[in-house]
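K.L.:
Just so you know, the sequences run in chain order A and B.
Here our numbering = 1-based position in the first sequence + 354.
Here our numbering = 1-based position in the second sequence + 1.
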Amino acid sequence: MKKLLLLFFSACLISGCAGAAYESSLEDLPKADFSVEIPSGWWKPQHVNKYLITKDDAHLQYVLIQQRPIERPFKKTQKKLRKGMLPLESAKIILDEIAADRNILNFEIVENSPATIDGHAGFKILFSYRNKKGSEYKTLYYGFIKDDSFFNLRYAAAARHYYDKDLADFMRILHSFKLVKG
Amino acid sequence: MKYLALILTVLCLAAACATPRPISVDEALSAGNDESLLWRRAQEEEKVIDNSGWLYRNPELEAYLNKVAAKLKAFTDSPDISFNIKIINDPNLNAFAFPNGVIYVHTGVLARMDNEAQLAALLAHEMSHCTRRHSLRVLKSLKDQPRYMYAVQQSVEKIAMAQDLVRILGVSGSRAAVTGYTRELEAEADGAGLDLMAKAGYDPNQALNLFEHLRQEIESEGIKEPFFFGTHPSVQQRIENAGQWLATEYSDKDGGLINSEIFRFKLDKLVLDNARLDLRIGRFDIAQRSVEKYLDRNPNDAGAYYLLGEIFRQHGRLEDVKNAIKQYEKAIALDPSFPAPHKAMGLMHYKGGEQRLAQKFFETCLLLAPEAPDKAYIQGYLQKCINNGEES
Chain A
355 MKKLLLLFFS ACLISGCAGA AYESSLEDLP KADFSVEIPS GWWKPQHVNK YLITKDDAHL
415 QYVLIQQRPI ERPFKKTQKK LRKGMLPLES AKIILDEIAA DRNILNFEIV ENSPATIDGH
475 AGFKILFSYR NKKGSEYKTL YYGFIKDDSF FNLRYAAAAR HYYDKDLADF MRILHSFKLV
535 KG
Chain B
2 MKYLALILTV LCLAAACATP RPISVDEALS AGNDESLLWR RAQEEEKVID NSGWLYRNPE
62 LEAYLNKVAA KLKAFTDSPD ISFNIKIIND PNLNAFAFPN GVIYVHTGVL ARMDNEAQLA
122 ALLAHEMSHC TRRHSLRVLK SLKDQPRYMY AVQQSVEKIA MAQDLVRILG VSGSRAAVTG
182 YTRELEAEAD GAGLDLMAKA GYDPNQALNL FEHLRQEIES EGIKEPFFFG THPSVQQRIE
242 NAGQWLATEY SDKDGGLINS EIFRFKLDKL VLDNARLDLR IGRFDIAQRS VEKYLDRNPN
302 DAGAYYLLGE IFRQHGRLED VKNAIKQYEK AIALDPSFPA PHKAMGLMHY KGGEQRLAQK
362 FFETCLLLAP EAPDKAYIQG YLQKCINNGE ES
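1. What do you get for B/PRO80, buried or exposed, if any count of 16 or more other CB atoms within 10 angstroms of its CB means buried?
2. Just verifying my parser: in three-state terms, what is the DSSP assignment at A/TYR509?
3. Counting only beta-carbon atoms, is B/ILE282 nearer than 7 Å to chain A?
4. Go through its chain and collect everything with a Cβ distance to B/ASP336's Cβ below 7 Å, but skip five positions before and after it.
5. Could one say the Cβ of B/ALA96 lies closer than 7 Å to chain A's Cβ atoms, at least one of them?
6. For B/TYR251, which of B/PRO300, B/LEU280, B/MET198, B/SER291 has the nearest alpha-carbon?
7. Going by the beta-carbon positions, is the gap between B/LYS72 and B/PHE84 smaller than 7 Å?
8. Could you please tell me which residues of the segment 347-366 of chain B, in chain order, have their CB closer than 8 Å to any CB of chain A?
9. Could you please give the first and the last residue of the uninterrupted alpha helix (DSSP H) stretch that includes B/SER261?
10. Could you check what DSSP says for B/VAL49 in three-state terms: helix, strand or coil?
11. So, for B/ASP191: in the same chain, excluding its five sequence neighbours on each side, which residues have a beta-carbon less than 6 Å away from its beta-carbon?
12. So is A/PRO384 in contact with chain B if we call contact Cβ pairs under 7 Å?
13. By DSSP, does B/LYS361 sit in helix, in strand, or in coil?
14. B/ILE282 and A/ALA511 - do their beta-carbons sit closer together than 7 Å?
15. Please confirm whether A/SER467 has its beta-carbon closer than 7 Å to some beta-carbon of chain B.
16. Please report the straight-line C-alpha distance between B/LYS267 and A/GLU490, rounded to a whole angstrom.
17. Counting C-beta neighbours from all protein chains within 10 Å, is the total for B/LEU170 16 or more, i.e. buried, or is it exposed?
18. Using a Cβ-Cβ cutoff of less than 6 Å, which residues in the same chain neighbour A/ILE463 once the five nearest sequence positions on both sides are dropped?
19. When DSSP labels each residue in this structure, what does B/GLN164 get in the three-state scheme?
20. Under 7 Å between C-beta atoms, does B/GLY402 make it to chain A?
21. Given that A/ASN506 touches chain B, what residues does it touch there, using C-beta distances under 9 Å?
22. Taking Cβ positions only, does B/TYR378 come closer than 7 Å to chain A?
23. Give me the residue from B/ASP279, B/ASP269, B/ALA96 with the minimum Cα distance to B/ILE312.
24. Can you find a C-beta in chain A that's less than 7 Å from the C-beta of B/GLY109?
25. So, at 6 Å on beta carbons, what are the nonlocal neighbours of A/ARG526 in its own chain, with the 5 sequence-adjacent residues on each side left out?
26. Residue range of the alpha helix (DSSP H) that B/ASN90 falls in?
27. With distance defined between alpha-carbon atoms, name the residue in B/SER261, B/ALA208, B/MET346 nearest to B/GLY244.
28. Can you pull the chain A residues whose beta carbon is under 7 Å from the beta carbon of B/VAL49, in chain order?
29. Classify B/GLY101 as buried or exposed, calling it buried when 16 or more other Cβ atoms lie within 10 Å of its own Cβ.
30. Any contact between the segment 355-372 of chain B and the segment 418-435 of chain A? By contact I mean 3 or more CB pairs, one from each, below 8 Å.
31. So with CB distances below 8 Å, who are the chain B contacts of A/ASN460?
32. How would you list, in chain order, the residues of chain B whose beta-carbon sits under 9 Å from the beta-carbon of A/LEU510?
33. Any C-beta of chain B within less than 9 Å: which residues of the segment 412-444 of chain A qualify?
34. So, do the segment 404-411 of chain A and the segment 433-442 of chain A have three or more beta carbon pairs nearer to each other than 8 Å?
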């Protein structure tokens, strides 16, 4: 019985290590027209095909960086981002898209203000919401339009403990963000 | 466990394609345990919805809807069910009933109605799902037919606009209520609903008018959403069914209560609030029609003119610029202390390169609303206007 237990724990450890080694990799992050410096401890979940990284688990906290064509339709709102839009206007569309999402309960805007990202005029939104189980989350969302693309960097985390814990890491990522084309 | 999964997952997904074996009301009523489980699940889901921030809070309007439901209830044969009508802040055309008598109606479908008789048609239909124990009958029918599970789930997933709500509600016994029942049960609720509204003294012809009105809107706008009676039968089929019912069951009668004026009075504010929701999801034309409908009755409402201006401005078409400005000017003329149209005028002039005009409007806006949530943007644009003015 002792031997069996030992074998079981060894197997668990081995499989755990193998998983961690794979998950801690940042190598398979998609190619992008931007560069960022990622602090140590963050990794990309293997099942996600986005520029998304987490430190503990994507359900607890994640940083997502996206470049999307401004013409690409949103899921909820039929409004579209346009070239020459003011940051206030593009922030409004993003807020409309989020507010119309039925997966987000008790949506509340904490802050909506202008921001500069890599020298580009954009916006910063901080909002909170709950999931069906009642857990509260916070998301800090930065975005700007450059030519035909909308760039956004968001940090989402469980409001309790995780949001404050890793906010500084996100700010480091945000401040290191640079467009590498155009 | 298998049984629980069956109840929670399959039976409640029961939406459209699968056609369960018809079960009589008496047979359904004999299944006491199943029904109490369904009611418990319904109560849990009710809590989730009630605490989600989605409810449209207007006690006076809720009281009115419940009064109409009470009028209908007096003619049902299920005095044991207490109906409670609640409103969900959602512009989509939908309504659904939980088996325990809680009925949720979206602002979207209410905003499209013209009178109380049309409201009665919708409520009578949903109430019939409860009084005829449709959730329970779906549960009983599918319990022995797991092969339907996959087909049913597939059919639900095709109803794109229903997915969010279904996801939130989880695997529970009331999904059928949200996504629609089978063709047979929907048809039964149609007939029972028409019968009920007629017994309560309402003009059942208004049900037909409502279907027709909604069909036109769905077609003209290309709306893909859960029409409030579910997906089967099709809206056209439903119109035909109602027409047939009226021609046979109601041919010897005429008229009935319509109550347009009280209905419009009670729903005025909702029409405007729902227009904001339509604007939020970018349904500009629908939003515009709703605001214009509201303004017909409330021609001195600055907020409505501002909203109309926002619809034109956010639509972003060149030809709408003048229209937007016209509406903002009306809003300011009606209520000069209303900050929002000043901000909007400032933004339009700012983007148009008219910095001096923009500066004037931004300054007024900040004066009227120094603590506006988006004041940091306005201050920034104002500063740029001032800087540019100094440079020139």
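Glycine is no exception: its CB is placed at the ideal position from the N, C-alpha and C atoms.
P.N.:
On the basis of the supplied data:
1. exposed
2. strand
3. yes
4. ALA303
5. no
6. B/MET198
7. no
8. LEU348, TYR351, LYS352
9. 261-281
10. helix
11. ASN242
12. no
13. helix
14. no
15. yes
16. 36 Å
17. Confidence in B/LEU170 is poor, its pLDDT being 46 and thus under 50, which makes the residue's placement unreliable; the coordinate value appears in the next sentence. B/LEU170 should be labelled buried.
18. PHE481
19. With a pLDDT of only 46 at B/GLN164, under 50, the local geometry of the prediction cannot be trusted, and the value read off the model is given with reservation. In this structure, B/GLN164 counts as helix in the three-state DSSP scheme.
20. Not covered by the structure: residue 402 of chain B. The range shown for chain B is 2 to 393.
21. By Cβ distance, chain B contributes nothing, its closest Cβ being about 17 Å from A/ASN506, past 9 Å.
22. yes
23. B/ASP279
24. no
25. PRO393
26. Counting along the chain, B/ASN90 falls outside any alpha helix (DSSP H), and DSSP gives it neither H nor E.
27. B/ALA208
28. LYS486
29. Going by the sequence as given, residue 101 of chain B is Asn instead of Gly. B/ASN101 comes out buried.
30. no
31. ASN52, SER53, GLY54
32. The question names Leu, but residue 510 of chain A in the sequence shown is Ala. Near A/ALA510 there are no residues of chain B at all, since even the closest Cβ is about 18 Å away, more than 9 Å.
33. PHE428, LYS430, THR431, GLN432, LYS433, LYS434, ARG436, GLY438, MET439, LEU440, PRO441, LEU442, GLU443
34. no
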